[in-house]
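What follows is a set of notes on a single structure, which appears directly below.
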Amino acid sequence: MESREATTTAGADAGSGSGAAGGGDAGVNSDYAAVVPVPGRVVMVVGEDIFAAERGSVLIHACNCLGSWGAGIALAFREKYPAAYNVYRAHCATRGNPSTLLGTALLIPPQLADAREHWIACLFTSVGYGRRVDAPDEILRSTKASLENMVAVIAGVENDDMPHGGASTTAILGTGIHEDTPEIGELHACKINSGRFGVDWERTKRVIEEVLTAEGKGRVVTAYEFSERQDVENFRREAMRRQRQQRGHWGWPRGGRGGRGRGRGMPAFIGFGPL
């Protein structure tokens with residue numbers, strides 16, 4: 001992933017001493033370096049699909065600590081990345097006290113069983129969900145801590161210190177990881193916390209930019225609107241496209257047995273969350 005870091009250094013000629021600021025040829029100690037952080041940014045895009053991000057991209061979403069991706073965008077993640085979901089669920093199961101996951105991040109490598117080769121970044125920002133979701137201020141504090149942890153985990157993966165992205169050995173067992181796992185790419189997120197967790201997006205956005213600026217590398221998060229209804233429609237279109245390819249032609253296959261109201265060859269779609 002491209003990063004930008006601005007540094008200012010000032011050297012001194014041999015034997016010139018420490019010098020004074022603004023003192024002509026006088027310099028400062030050559031090993032001095034002041035790091036100027038480049039502001040982190042969140043860039044909103046409209047009408048695009050987060051799941052269509054390039055191979056190796058990091059898809060960030062807020063998670064509960066109970067091992068459930070059951071509604072909203074979490075359900076979409078579970079439908080599209082079932083193997084990654086199993087890693088997340090197993091990771092949660094390793095904790096006797098779920099609240100110990102708050103403020104941490106899990107970076108799941110692309111899984112062989114999943115069609116898309118994306119890194120999935122789980123930010124543990126609330127212990128529970130639904131009626132037991134944490135209060136907004138608590139969620140924001142956990143979001144800041146988990147983003148900081150995510151940045152550290154990404155650095156660990158990039159430095160080969162943390163190849164499994166922080167997943168416990170128990171969680172990673174039995175999963176298939178690509179031998180040619182793509183390098184970590186750009187960061188992508190929906191408007192995290194703003195759906196089922198009910199936190200104002202602008203507040204979360206400020207936290208994201210604060211953490212990315214403190215990191216000093218000027219990372220950019222591309223953020224997306226998410227519509228459950230539109231996601232279902234995209235899923236249907238993709239299923240139809242795959243069906244056509246498998247049939248080897250662009251005509252609809254003959255309809256099988258079925259009752260009235262089902263179009264010829266139209267697949268039945270079940271298991272979606274509330275629209």
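Mapping the sequence shown onto the UniProt record's numbering, position 152 (from 1) lands on 152, and the numbers just tick up by one. Glycine residues also receive a C-beta, built at the ideal position from the N, C-alpha and C atoms. For clarity, every value in this text was computed on a predicted model and none was experimentally measured.
Query: Proximal residues to V133 (C-beta, below 6 Å), its chain only, five neighbours per side dropped; Result: S126, F197
Query: S227 - DSSP class collapsed to helix/strand/coil; Result: coil
Query: Option nearest P98 by Cα separation, candidates D200, N64, P136; Result: N64
Query: Classification of G72 by the beta-carbon crowding that lies within 10 angstroms, buried from 16 upward; Result: buried
Query: Buried or exposed by the 16-neighbour rule on C-beta atoms within 10 Å, applied to P39; Result: exposed
Query: For W69, the three-state DSSP class (helix, strand or coil); Result: coil
Query: Residues that DSSP places opposite W119 in a beta bridge; Result: V58
Query: Through-space distance from L123 to S146, alpha-carbon basis; Result: 6 Å
Query: Beta-carbon proximity list for E210, same chain, < 8 Å, skipping 5 on both sides; Result: G40, K144
Query: Cβ neighbour criterion (16 or more within 10 Å) applied to A62; Result: buried
Query: Range of the contiguous beta strand (DSSP E) that encloses L106; Result: 105–108
Query: G185 beta carbon less than 8 Å from that of E48; Result: no
Query: Segment limits, beta strand (DSSP E) that includes L101; Result: Counting along the chain, L101 falls outside any beta strand (DSSP E), and DSSP gives it neither H nor E.
Query: Per DSSP, the bridge partner or partners of Q111; Result: I177
Query: Delimiting residues of the alpha helix (DSSP H) encompassing V153; Result: 136–158
Query: Residues near D200 in its chain [Cβ-Cβ closer than 8 Å; skip 5 each side]; Result: P136, S194
Query: Option in S142, A155, G216, F51 with minimal Cα separation from T100; Result: S142
Query: Which listed residue (S57, A84, G56) has its alpha carbon closest to that of G67; Result: A84
Query: Alpha carbon of T169 to alpha carbon of R89, nearest angstrom; Result: Note that T169 has pLDDT 46, beneath the 50 cutoff, so the model's placement of it is unreliable and no number is given.
Query: For F124, three-class secondary structure by DSSP; Result: strand
Query: Under 8 Å between C-beta atoms of V58 and A105; Result: no
Query: Reference E138; option with closest CA among P82, E183, V87, V207; Result: V207
Query: Under the three-state DSSP convention, the category A189 falls into; Result: strand
Query: With 16 other Cβ atoms within 10 Å as the buried cut-off, status of residue 300; Result: Absent from the structure is residue 300, since the part of the chain shown begins at 1 and ends at 275.
Query: Burial state of T94, where buried means 16 or more other Cβ atoms lie within 10 Å; Result: exposed
Query: Residues near E158 by beta carbon distance below 7 Å, same chain, minus five either side; Result: I184
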